[in-house]
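Engineer: In UniProt numbering, the protein residues as written are 1 to 258.
Each residue gets a CB set at the ideal place from its N, CA and C atoms; glycine is no exception.
Remember, it's a predicted structure, so these values are computed and weren't measured experimentally.
(1) Taking C-alpha atoms, which residue in 240, 252, 255 and 254 lies nearest to residue 86?
(2) For residue 125 and residue 227, I'd like the C-alpha separation in whole angstroms.
(3) Counting Cβ pairs, one atom from each stretch, are 3 or more of them under 8 Å apart for the segment 52 to 62 and the segment 242 to 252?
(4) Let me make sure I understand the geometry here. Which of 231, 95, 195 and 109 has the alpha-carbon closest to that of residue 174?
(5) What does a CB cutoff of less than 7 Å around residue 25 pick up in its chain, not counting 5 residues either side in sequence?
(6) Is residue 89 buried or exposed, if buried means 16 or more other CB atoms sit within 10 Å of its CB?
(7) Residue 69 and residue 230: beta carbons closer than 9 Å?
(8) Residue 98: buried (16+ other C-beta within 10 angstroms of its C-beta) or exposed?
(9) Find the nearest neighbour of residue 187 within the set 166, 203, 215 and 168, judged by alpha-carbon distance.
(10) Using only the alpha-carbon positions, how far apart do residue 234 and residue 179 sit?
(11) Fully enclosed by the segment 29 to 93, which beta strand (DSSP E) runs are 3 residues long or longer?
(12) Using the rule of at least 16 other Cβ atoms within 10 Å of the residue's Cβ for burial, across every protein chain shown, is residue 47 buried or exposed?
(13) Do you know offhand how far residue 224's Cα is from residue 208's?
(14) Taking C-alpha atoms, which residue in 73, 96 and 50 lies nearest to residue 168?
(15) Pull up the distance between the alpha-carbon of residue 65 and that of residue 101, whole angstroms please.
(16) Excluding sequence positions up to five away, which residues of its chain have a Cβ less than 6 Å from the Cβ of residue 170?
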């Protein structure tokens with residue numbers, strides 16, 4: 001017969017053995033890390049969701065910017081199309097004006113050269129007066145014809161600009177040559193006429209005053225022609241600069257889309 005004390009001791013040994021059994025220990029070890037791993041995963045998911053939300057916001061912002069750039073690009077294209085049509089008309093008229101000026105200046109130069117050679121005996125060999133020199137130096141200035149554009153998008157624009165500048169320089173050279181020879185011829189004829197006139201001093205003075213008035217009128221006409229040419233050249237240069245600026249802006253916008 002077993003006593004009650006022996007049965008209690010047996011139960012204690014069995015519980016102690018169960019707590020030290022190899023099958024129970026791993027189960028206890030596996031249950032312990034479950035809580036930290038689950039918290040880490042929750043934290044990772046929260047971080048990923050936050051990053052994804054930020055990326056979505058950034059993407060929406062970029063979409064809005066892209067839409068704004070597309071609208072701006074469309075507006076620029078519409079403005080450029082209307083401007084191109086106006087520029088084509090201006091360019092055509094300008095080229096016609098330059099060609100007419102070139103032809104007229106060449107004919108004038110040849111005509112005055114023939115007159116100068118025909119009346120070389122009466123033409124004065126003295127150099128032009130100071131007023132003549134000032135006018136010629138102003139007329140020969142290239143400020144009205146040289147290119148000063150800051151925005152250069154295409155090389156062809158620069159080449160065409162140089163060709164136009166060379167043609168304008170040739171026109172100015174012909175005009176200056178014509179004026180110079182005309183003044184020389186005028187001075188020579190004026191001297192010759194005064195020598196052949198009667199000895200009446202008052203008549204000579206009146207004729208001289210009339211000739212001086214004609215000369216002033218011619219100078220005024222040439223000055224107006226020069227100012228008109230300079231104004232047209234400045235206006236055309238401003239249009240070319242604006243066209244180059246618009247083309248540069250279009251190139252910049254196209255670069256952003258690529």
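Structural biologist: The short version:
(1) 240
(2) Below a pLDDT of 50, predicted positions are generally treated as unreliable, and residue 125, at 45, falls in that range; no measurement from the model is reported.
(3) no
(4) Checked all of 231, 95, 195 and 109; the closest Cα to residue 174 is 109.
(5) Per-residue confidence for residue 25 stands at a pLDDT of 46, beneath the threshold of 50, marking its modelled position as unreliable; the derived number appears in the next sentence. Contacts found: none.
(6) exposed
(7) no
(8) buried
(9) 215
(10) C-alpha separation (whole angstroms): 23 Å.
(11) none
(12) exposed
(13) Residue 224 and residue 208 have their alpha carbons spaced roughly 24 Å apart.
(14) 96
(15) 51 Å
(16) For residue 170, where only same-chain residues beyond five positions count, there are no Cβ hits under 6 Å.
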